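Taking numbering that gives the first Met the number 0, the leading residue of the sequence shown gets 0, the next gets one more, and so forth.
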Amino acid sequence: MDSTKNEIYQYIKQISSKFSRDNAFMFSTQNICDKLRLSRNLTSQYLNQLQRENKLIKINSRPVYFIDPIALNNAYNTTITHADYLSIDELIDELEIAKVNNANFNKLIGKKESLSYCIDQAIVAISYPDNGLPIFIVGESGTGKTYFAKVTAEYIIQNKFANSSVKYFECFKYRNNQNLFINNLSRALEQTNEKNILIFDDIHFLSGESFEFIISLLEQTYEHNKSNKNNNFLIITSSSSLDMTNRQKLSSKLPITIQIPSLQERQILEITNLIHLFYKTESDKIDKNILVSSKVLNTLLNYKFTDNINGLRNAIQLSVANSLAKQKNKENHNLNIYMHDLHDYITYDSNSQDVNNYFIDNSMVEISTITQITKSNKTCDFLENIIKTYDQFDQSEITYNELLSSLIKHINEYYELIQLDKNYISKKMKSIEKTISSIFNEIEELYRIYFPSSFAYALSNIIANRLQITSFINNFEEENHEIIDNLHSIITENFPKETIISDEIENMISQELDLHIGKLELVTIILSIHIFNHNIYNTETLGIIIAHGYSTASSVADITNTLLGYRLFEAVDMPYNVSMTEVAAKIKKIMHIKRNIKNLIMLVDMGSLEHLGDELEDLSNVNIGIINNISTGLAINIGYKILSNFSIDLILKKACDEYTIKYKIITKEKKERAIIFTSENGDIINKKLADLFKKSLPKKTGIHIIPYNFQSLINKDEQKLIFDSYEVLFICGTLNPNIQHIPFISIDSFLNISEISKISNSLYSYLNKTELEVFQKNLLFNFSMQNIVGYLSILDAKKIIDTVNRSLFTLQNLLQIKIDFNTSIGLMIHISCMIERLVTHSSIYEEVDISSFAKKEIDTIHIIKESLKDIELNYGISIPTYELLYIYDYIKSFLH
């Protein structure tokens, strides 16, 4: 290395470990040349060379900064994977996230791309109160499920969510020995009462008793979560080949399912990083510098490996082994990888398929530079063709009409090309296309224009590629920014109507997808609108509705635009204390986009806003009218006049003359609101349930909490009394009385956080946010199984729960059914109350004759009786038939 160049490199290495936002200036070209007393041009030249050699990373801001990545990796305990960044903030954000809590996940390739959602789900499950949630990791063979599970375990331990013990079960080894699996797992559970991590890898190899053992373990973990028993973290992985029955069993017990993407679903840069990792591993192993032909790299990037990442790794290992075996000069420190070093089936398939060439020139590529893709795919070819065509126009080689004709030709060819290339579409691409299609549907409706489905797919393809090869696109735009700016200017000037619509699309894409689209994409959108729509309606008059409140103006504008069929009104929602200057700034922002508007009509909701026009004096060539009134009817009236191309003064005059205010008085007695508690267990239990609910409320709400007899509630004549007297918000209980238009919430829902949230929603106008949180916690505590049984019964709650649990287990075995969690809770409460009634002789129902029932029903009732024998013996009672019938009603939907 040149001594001056090395001096620069060593200086940056020395200071990079101290890098921070505050001292970023130290890494600018100017500061480096000043410190080393070198010329700026020479310093800049060497810095860029070092960056191209992957020795430095570059921050493409103004000024540009250069930093040593190795020093940053050591300082922040992370791995910098990008060669360049758009800003200091982007780099700092990545470093801080890695330093704070993703240190383990940071080692995953694709952590910020295709695996980002997987990581988010894992962290949500791990940090869920009180003891986390089990995690189910699903994916095709070879996608990295096992590695993801182990990294997740590292994260759990490092962040002290569990002890350092990880018990790993490779289910493949137990596929023919179920008893050994059960014994080993039972031994692992008995060895410690501490919170550990259990990983069950490839559970699809288990069946029968061993699979059911894990299901029961999941159930125990869920049921005993609050009593700190069996609180191990469970991480389960499975291939996509898991049969549907077992998948459904697992899914019902596992709230978090993490879908690991296949290799084909990974972004191109991720696959490139994997190729770099695997070749680097082999290079270190054999102590040789590996160079790979561009054709091999393109083949590996395009090939569809059935074993995904494992298949890619195996192919790379074989290519190195083949090349090493053929190498004549063993002393040669370089090892070249060519197509004939790959497996035959890969080379055969690649010759029969059209591939995207990400690497060009048939060159040999050093593995250290593999991650720097020099050429992209069809989208990049399309963008380059657009630039070349405009360059011809700029050099006066073609006329404007020829430019337009060529651009349209390139667009149409690109649409056809990518339509033929739909052999695989990633989930990310599908998501983008769905959003783009939704945006286009809205634009079509608002502007009465047409987009073919191919346009949505084409634009989605461009956006997806921008996300995949961000560095290439950014460099391409930076190198051609002058040409792109000129092309964008000439197109927007010649297609003003299309430009207005494209601006609208750009804004919506930015809001929905949170990403920026470049000027070349905007040119494509403008010309595509022109291709498919020759008669675009655009008015020179715009309405803006300005109102105080969170969404008042937006609501009126949306309804008006929908009814008129055109987007004639924009909205400005504002808080009550906003200044006139701030409102004017929002209006100016809208008018900056609506460049063709000559007349502006503003509907305002307060007299003080009438002087808004004084703040808009710098809106040149725009006539402004203000109406001191807002309503949907008035907006529609004005909208029709805009569509009729009336002048602004005529619109304002006629609208004020025609729009009149009418009134009507409706008198109606308002009912007080109530919540009803009912059950089949009698009035005493109803009152206890209502009292327990009242205790959960942090303050008096004015809502009546009413216990009500179940039989009276289902009797149409008797129920009229309660519903005529109160506006019933919802009914709570153990059995649904099926009252039309009145929501029913089962008592077992109080043990479910999402269901409690629904209950809270009904009370949001009575309790503030803090009070609602207290209410939810009280409800979870008061209606926990032991609490509710203890409150409803004078008997020992723990003994009742244990006894009923055993009986329900026996019942399910005898009937060969599986009762869901919610029904189990309802049965638990019902049977607990039944025991107390029979023990205290407070039951008032007469015995029932079942001789007329069907034989199958009678047999089932006898089985129910048999399963409850333990209860009868423990409490010295005899369970009558009418009680057995109640239980039969509970479970009959589970019977075949």
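Don't be surprised by glycine CBs; every beta carbon is placed ideally from N, CA and C.
Remember, it's a predicted structure, so these values are computed and weren't measured experimentally.
By the neighbour-count criterion, in which a residue is buried when 16 or more other Cβ atoms sit within 10 angstroms of its Cβ, residue 588 is exposed. Taken through DSSP and simplified to helix, strand or coil, residue 670 comes out as coil. Here residue 605 carries a coil assignment [DSSP, helix/strand/coil].
Annotation for residue 662: no residue places its beta carbon closer than 7 Å to its own, counting only its chain and skipping 5 residues before and after.
A direct Cα-to-Cα measurement between residue 839 and residue 877 gives close to 12 Å. By a beta-carbon distance limit of 8 Å, residue 678 contacts residue 732. Their separation comes to about 5 Å. With 16 or more other Cβ atoms from the protein chains shown falling within 10 Å of its own Cβ, residue 465 counts as buried.
Between residue 560 and residue 638, the gap from beta carbon to beta carbon is short of 9 Å. Rounded to whole angstroms, the separation of the alpha carbons of residue 734 and residue 702 is 22 Å. In terms of CA proximity to residue 436, 507 leads the group 363, 379, 507 and 400. Beta-bridge pairing by DSSP links residue 408 to no other residue.
A straight-line Cα-Cα distance of about 20 Å links residue 499 and residue 553. The segment 194-204 makes no contact with the segment 105-123; the number of CB pairs closer than 8 Å stays below 3. Between the segment 283-291 and the segment 327-344, the count of Cβ pairs shorter than 8 Å is three or higher; the stretches touch. Looking at the backbone, the Cα of residue 362 and that of residue 46 are separated by about 25 Å.
With a 10 Å radius around the Cβ and a threshold of 16 neighbouring Cβ atoms, residue 168 comes out buried. The segment 703-721 and the segment 752-771 do not touch, with fewer than three beta-carbon pairs separated by less than 8 Å. When the beta-carbon positions are compared, residue 236 and residue 202 come within less than 9 Å of each other.
In the three-state reduction of the DSSP assignment, residue 728 falls in the strand class. The residues 140, 141 and 313, in chain order, have a CB closer than 8 Å to that of residue 306 in the same chain once the five nearest residues on each side in sequence are set aside.
Residue nearest to residue 519 within the set 386, 568, 737 and 687 is 386 (criterion: CA-CA distance). Scanning its chain for C-beta atoms nearer than 7 Å, with the 5 sequence neighbours on each side dropped, one finds around residue 20 the residues 87 and 91, in chain order. Sequence-distant Cβ neighbours of residue 741 in its own chain, meaning closer than 7 Å and more than five residues away, are 727, 729 and 730.
The segment 16-52 contains, as complete alpha helix (DSSP H) runs of 4+ residues, the segments 28-35 and 39-51 (chain order). Close CB contacts of residue 462 within its chain, under the 8 Å cut and outside five residues either way in sequence, are with 431, 435, 508, 512, 514, 516 and 520 (chain order). Inter-residue distance for residue 302 and residue 295 is about 10 Å (C-alpha atoms, whole angstroms).
Cβ neighbours of residue 257 within its own chain (closer than 8 Å, five residues either side excluded): 117, 120, 121, 134, 135, 136, 137 and 147.
According to DSSP, residue pairing for residue 546 in a beta bridge involves 572. Residue state for residue 448 is assigned as coil, using DSSP reduced to three classes. Counting along the chain, residue 63 sits inside no alpha helix (DSSP H), nor does DSSP assign it H or E at all.
Around the beta carbon of residue 460, a 10 Å sphere encloses 16 or more other beta carbons of the protein chains shown; the residue is thus reported as buried.
For residue 254, the three-state secondary structure derived from DSSP is coil.
Residue 639: member of the alpha helix (DSSP H) spanning 631-642, first to last residue.
By the C-beta density criterion, residue 875 is exposed, having fewer than 16 other C-beta atoms within 10 angstroms. As the crow flies, the alpha-carbon of residue 319 is around 43 Å from that of residue 247.
Counting the other Cβ atoms within 10 Å of the Cβ of residue 652 gives fewer than 16, which makes it exposed.
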